[in-house]
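Heads up: the sequence lines are chains A and B, in that order.
So the first sequence is numbered by this note's numbering: it starts at 1242 and just counts up by one.
So the second sequence is numbered by this note's numbering: it starts at 1242 and just counts up by one.
Number of protein chains: 2
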Amino acid sequence: MKSSPLILLSSIIFAAIIGCQHTPTTDRNQGVSAQLQQKALSSPLAYDIVESLTVEVGPRLPGSAQDLIAVQWAEEKLSNLGFDKVYKEPVQVPVWLRGEAKAAVVSPYPQPIVITALGGSVGTPEQGISAPIIRFATLAELKQATPDDVAGKIVFIDHITPRFKTGKGYGITVGGRSKGAVAAAEKGAIAIVIRSIGTDHDRMAHTGMMRYQDGIPKIPAAAMSNPDADLLTLMLKRNPDVVLNLNMSPQNKGYATSYNVIGEVTGSSKPDEIVLIGAHLDSWDEGTGAIDDGAGVAIVTAAGHLISQLPQKPARTIRVVLYAAEEVGLVGGKTYAKAHQAELSNHYIAAESDFGAGPIYQIDFKVADDAFKDIQTLTASMAANGVAAGTNTASGGPDVSMLPSYGVPVASLRQDGTDYFDYHHTPNDTLDKIDPKALAQNVAAYAQFAYLMAQSNIELRPLPKPETD
Amino acid sequence: MKSSPLILLSSIIFAAIIGCQHTPTTDRNQGVSAQLQQKALSSPLAYDIVESLTVEVGPRLPGSAQDLIAVQWAEEKLSNLGFDKVYKEPVQVPVWLRGEAKAAVVSPYPQPIVITALGGSVGTPEQGISAPIIRFATLAELKQATPDDVAGKIVFIDHITPRFKTGKGYGITVGGRSKGAVAAAEKGAIAIVIRSIGTDHDRMAHTGMMRYQDGIPKIPAAAMSNPDADLLTLMLKRNPDVVLNLNMSPQNKGYATSYNVIGEVTGSSKPDEIVLIGAHLDSWDEGTGAIDDGAGVAIVTAAGHLISQLPQKPARTIRVVLYAAEEVGLVGGKTYAKAHQAELSNHYIAAESDFGAGPIYQIDFKVADDAFKDIQTLTASMAANGVAAGTNTASGGPDVSMLPSYGVPVASLRQDGTDYFDYHHTPNDTLDKIDPKALAQNVAAYAQFAYLMAQSNIELRPLPKPETD
């Protein structure tokens, strides 16, 4: 086996670090960190895990039969990989069934368009609904509209999601998906169909969660593909009177029990202190949940496994949490925070992998201001794996995003998300979108991160106070 | 407006050509050809035409209501663009309705897979069919199989279509689509599902025509997306007993009348002699038929229009033929050849644009061996538009491919098809896949080709005899 440039660079940086820091413990930690990187980069384990999940389980909508198959899969996988403790914790999850979703332009240019129901949406009456559409460039524009212009119509929000390495384009447009139905119904619209929150040009629509609000009518909500949004816009340029027919049969079916699945590598000297690395086990249903979030499941599971195989276990416990029902409202994350509230003071730090399988280029923290420089020094060796030091403004990832409010420090291992929103929440979320090399780089980063955090002597609390507006 | 490098290069080559060729007619022809190129490259007309067709008509399956809307659209478009004669000729087309097509792995790893019915396929019984699958790497492998191994099963042909600029990968694998159902049924299979004939990794399946054979049972035939074929292959590696459920409701509905729509620029001195440039008006139904073959419709229509706007019409008649029902068996092309049989001796040359909107890089002919060098000299100025001289082995394109057997010379303007089979016959065949600049380059090439052929004094017949094996 030839040494890769990353591994060679790692050795150089490791040598530089042990040249500067003189305690034997620190030297040993950095040595182990470099070994973990090397092992991770040459291991096919994470790819094998995500292949197993997508092939043997496939899509796993919260509360579905496949969701429970995924729970069983996860328990078996963690057990077979030699985690010291494997257990599951119940999570009450909302159950939503997709049903069918069809749409067609009725006039002036009859032709079908491709849509998908947004998660949580109600259906149309069985015969469907037909109404003129009214286009808004953004959610903000819809909010400023006159109710008389909107009442009785189908709202069309045509906001294009821009492409960024950070994925920040999603934040710009996703409000139309999550809040559009309420804003439209408040003005009397009878349905809403948004341009997909996605950066691709594929004729497939991006699903994702939407919300209703008590006291405001629940109207059907769907997304159309980007080419279909282009099509409607070109029709409207020719003729402002475009009538759309929508026929959707999703159903909200109450609640079911799913589970957060947890595997632990028990700490050698501080077993009650927790370094949490998480991902979410559930997925949307039209792909196989490979990048969202099979990749994350594979990354943190493989990272935990690599640490479990070390000759000497780290001081703190590494807890791998595979959350339930992230997609439908961070339900597993919220349930975990509540169930573990008494224990959260023992959570040294937490991070979730939930942004596909693109390479990690930066690590951000949210720790005590006094600790930030030290924690950057401790993790400087991650640069050999392409992970630069970042900011102290991390959120940690969706399922751990509520932990800082309980005082728990978090980290965000930033991935290159340039193409993430090409595939996110579509049928295209399949195994072939994962680059095994980039996936292994993620495993290396999480393994190094988790190990170094489990060995760290730095006091990470108290967190800086949140900025107020 | 700045001159583009192509236009400048064109002027240089034009100057070189008129420096070498001394008859005033030839000089004038090359001058007009250079003007046509320049006008085409700066005109948005072709893009406007394909936008109009995809937005105002959309998909147009032969014999459907939208097919007749397309015929009306084409007549109006040709008339509005000032063609001297616009008319249509009836074509009896087979009518096939897609219905629904669903598939799911029943065991050992239950999950849905994405399929589409192949054109012409029969449906399954209403309750669907479930059976073990048997995988073959190629159609040839299926043909060698023992009937005992195949009987009662669903055949899965897993042939991967390789990517080539010429598109020749399609020719390698498409037999599995067109002939797979007969080969499978001959050995007792109850259905066939092939890996899509496509070079993409999108979770959408490629449709396309399949054929049955008298005396052999008609079994349902579908294609699955490439990621789904990967999925089944990975399942089969884990467990050879994979049971698939198929539920398809396509219907063959007899015949209907559609039309070849024809527009002519009447020749000034040899009006009975025809230079035919064609494309097909029909399309598959899941995209909007932008690249297949809205692009071709736009290219030949815009080329004809440009020639119609010349101060002096060319000698021969330019006949733009928009064929019906190419997708379901070259029906419009065959009908044209039959209806015009008496006139085919007056067809100077024919060419069809039916390979998307990628740039043309080469022109091939099928003309008399004695004429080949002269016709290459006559069209040498096309090199300024990126079109190199090619071979004397052209087929001319699907709807004119039968004309050489009647003695009619043909040309093939070869397009870069590197990404054509990413989108071909899928929902992804939409307007955004067309690059307006490449489309305009095609228009320039067809306008130059048609004009030069209409002015040519070269005797192109008799055609070389077909090679025999």
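Backbone N, C-alpha and C define an ideal beta-carbon position, used for all residues, glycine too.
Computed from a prediction, not measured in an experiment: that's the story for all the values here.
Pop quiz: residue i and residue j are said to be a contact at Cβ under 8 Å. What is the actual Cβ separation, rounded to whole angstroms?
i: Leu1277 of chain A; j: Leu1547 of chain A; result: 6 Å
i: Thr1387 of chain A; j: His1400 of chain A; result: Contact flag wrong, Cβ pair sits at about 20 Å.
i: Thr1529 of chain A; j: Thr1266 of chain A; result: Their Cβ separation, rounded to whole angstroms, is 43 Å, which puts Thr1529 of chain A and Thr1266 of chain A out of contact at 8 Å.
i: Ala1691 of chain A; j: Val1516 of chain A; result: 5 Å
i: Ala1580 of chain A; j: Glu1341 of chain A; result: Incorrect: roughly 37 Å between the Cβ atoms, too far for contact.
i: Val1483 of chain B; j: Val1608 of chain B; result: Val1483 of chain B to Val1608 of chain B, Cβ: 53 Å. No contact.
i: Gly1417 of chain A; j: Leu1380 of chain A; result: 4 Å
i: Val1327 of chain A; j: Met1450 of chain A; result: At roughly 29 Å, the Cβ-Cβ gap does not stay under 8 Å, so Val1327 of chain A and Met1450 of chain A are not in contact.
i: Ala1679 of chain B; j: Ser1284 of chain B; result: No, Ala1679 of chain B and Ser1284 of chain B are not in contact; Cβ-Cβ is about 14 Å, not under 8 Å.
Among residues of its own chain, excluding the 5 on either side of residue i, which ones have a beta-carbon nearer than 7 Å to its beta-carbon?
i: Pro1639 of chain B; result: Glu1567, Leu1571, Gly1574, Glu1593 and Asp1595
i: Gln1333 of chain B; result: Tyr1496 and Thr1498
i: Gln1688 of chain A; result: Looking at the sequence provided, one finds Ala at residue 1688 of chain A rather than Gln. Once the five neighbours on either side are set aside, the close Cβ partners of Ala1688 of chain A are Leu1277, Ala1281, Ala1544, Leu1547 and Ile1548.
i: Asp1676 of chain A; result: Ala1598
i: Val1734 of chain A; result: No information on residue 1734 of chain A is available, as it lies outside the stretch 1242 to 1710 that chain A covers here.
i: Ile1356 of chain B; result: Ala1342, Ala1344, Val1434, Ala1446, Ala1463, Ala1464 and Met1465
i: Leu1693 of chain B; result: Asn1270, Ser1274, Leu1619 and Thr1620
i: Gln1617 of chain B; result: Ala1630
i: Ile1259 of chain A; result: Residue confidence for Ile1259 of chain A is low, a pLDDT of 45 falling below 50, so the modelled location carries little weight and cannot support an answer.
i: Thr1632 of chain A; result: Asp1605
i: Gln1307 of chain A; result: Val1298, Gly1299, Pro1300 and Arg1301
i: Ala1531 of chain B; result: Val1291, Thr1295, Asp1670, Thr1671, Leu1672, Lys1674 and Ile1675
Excluding the 5 residues flanking residue i on each side, which residues of the same chain have their C-beta closer than 8 Å to its C-beta?
i: Val1391 of chain A; result: Ile1375, Leu1383, Ala1425, Lys1428, Gly1429 and Ala1430
i: Ile1720 of chain A; result: There is simply no residue 1720 of chain A to check, as chain A begins at 1242 and stops at 1710 in what is shown.
i: Gly1669 of chain B; result: In the sequence as presented, Gly is not what sits at residue 1669 of chain B; that position holds Asn. The residues are Asp1441, Asp1443, Met1445, Gly1528 and Asp1663.
i: Asn1587 of chain B; result: Asp1513, Glu1514 and Ile1515
i: Glu1292 of chain B; result: Leu1672
i: Asp1710 of chain A; result: Model confidence at Asp1710 of chain A stands at a pLDDT of 43, short of 50, so the residue's coordinates are unreliable; what they give is reported in the following sentence. Cβ within range, chain order: n/a, list empty.
For residue i, which residues in the same chain have their Cβ closer than 6 Å to its Cβ, ignoring the five residues on either side in sequence?
i: Val1577 of chain B; result: Looking at the sequence itself, residue 1577 of chain B is Tyr, so the reference to Val does not match. Excluding residues within five positions, the ones whose Cβ falls inside 6 Å are Asn1501.
i: Tyr1647 of chain A; result: Leu1585
i: Leu1195 of chain A; result: Not covered by the structure: residue 1195 of chain A. The range shown for chain A is 1242 to 1710.
i: Lys1343 of chain A; result: Asn1488
i: Gln1262 of chain A; result: For Gln1262 of chain A, the predicted model reports a pLDDT of 47, less than 50, meaning its position is unreliable and no value from the coordinates is stated.
i: Gly1364 of chain A; result: Met1489, Ser1490 and Pro1491
i: Arg1452 of chain B; result: Ser1419
i: Thr1440 of chain B; result: Thr1402, Arg1404, Phe1662 and Asp1663
i: Asn1683 of chain A; result: Ile1540 and Ile1601
i: Ser1244 of chain A; result: With a pLDDT of only 46 at Ser1244 of chain A, under 50, the local geometry of the prediction cannot be trusted, and the value read off the model is given with reservation. No residues qualify anywhere along the chain.
Give a single yes or no on whether residue i has its beta carbon closer than 7 Å to a heavy atom of the ligand GTP.
i: Lys1575 of chain A; result: As for the ligand GTP, it is missing from this structure, which has no ligand bound.
Meets three-Cβ-pair contact criterion under 8 Å: the stretch 1464 to 1481 of chain B and the stretch 1433 to 1452 of chain B: yes
Chain A contacts made by the stretch 1343 to 1364 of chain B, where a contact means CB separation under 7 Å: Tyr1350, Gln1352 and Val1355
Positions along the stretch 1584 to 1615 of chain B whose CB lies within less than 8 Å of some CB in chain A: none
Inter-stretch contact (C-beta, 8 Å, three-pair minimum) for the stretch 1451 to 1462 of chain B and the stretch 1656 to 1666 of chain A: no
Validate contact between the stretch 1506 to 1522 of chain B and the stretch 1544 to 1558 of chain B using beta carbons, cut 8 Å, 3 pairs: yes
Members of the stretch 1480 to 1508 of chain B near chain A, C-beta cut-off 8 Å: none
Touching by the beta-carbon criterion (3+ pairs, under 8 Å), the stretch 1424 to 1436 of chain B and the stretch 1389 to 1397 of chain B: yes
Complete alpha helix (DSSP H) runs within the stretch 1462 to 1512 of chain A (minimum length 4 residues, chain order): 1467 to 1479
Chain-ordered residues of the stretch 1536 to 1559 of chain A with a beta carbon less than 9 Å from chain B: none
Length at least 3, wholly inside the stretch 1275 to 1337 of chain A: the beta strand (DSSP E) runs in chain order: none
Any 3 or more C-beta pairs closer than 8 Å across the stretch 1479 to 1497 of chain B and the stretch 1268 to 1285 of chain B: no
Residues in the stretch 1651 to 1671 of chain B having any Cβ partner in chain A nearer than 7 Å: Pro1668, Asn1669 and Thr1671
Complete alpha helix (DSSP H) runs within the stretch 1560 to 1609 of chain A (minimum length 4 residues, chain order): 1572 to 1580
Chain A contacts from the stretch 1282 to 1301 of chain B (Cβ-Cβ distance under 8 Å): Glu1292, Thr1295, Val1296, Glu1297, Val1298, Gly1299 and Pro1300
Those runs of the alpha helix (DSSP H) which lie wholly inside the stretch 1664 to 1701 of chain B and span at least 4 residues: 1677 to 1696
Residues of the stretch 1439 to 1457 of chain B whose Cβ lies closer than 8 Å to any Cβ of chain A, in chain order: His1442, Asp1443, Arg1444 and Met1445
Short-range partners of chain E found in the stretch 1510 to 1528 of chain A, where Cβ spacing is below 9 Å: This model lacks chain E altogether, as its protein chains are A and B.
Chain-ordered residues of the stretch 1459 to 1478 of chain A with a beta carbon less than 7 Å from chain B: Pro1468, Asp1471, Leu1472, Leu1475 and Met1476
Residues of the stretch 1305 to 1323 of chain B with Cβ closer than 9 Å to any Cβ of chain A, in chain order: Ala1306, Gln1307 and Ile1310
Ranges of the alpha helix (DSSP H) found wholly within the stretch 1347 to 1405 of chain B, counting only runs of at least 4: 1380 to 1384 and 1388 to 1391
Interface positions of the stretch 1672 to 1692 of chain B facing chain A (Cβ-Cβ less than 9 Å), listed along the chain: Leu1672, Asp1673 and Lys1674
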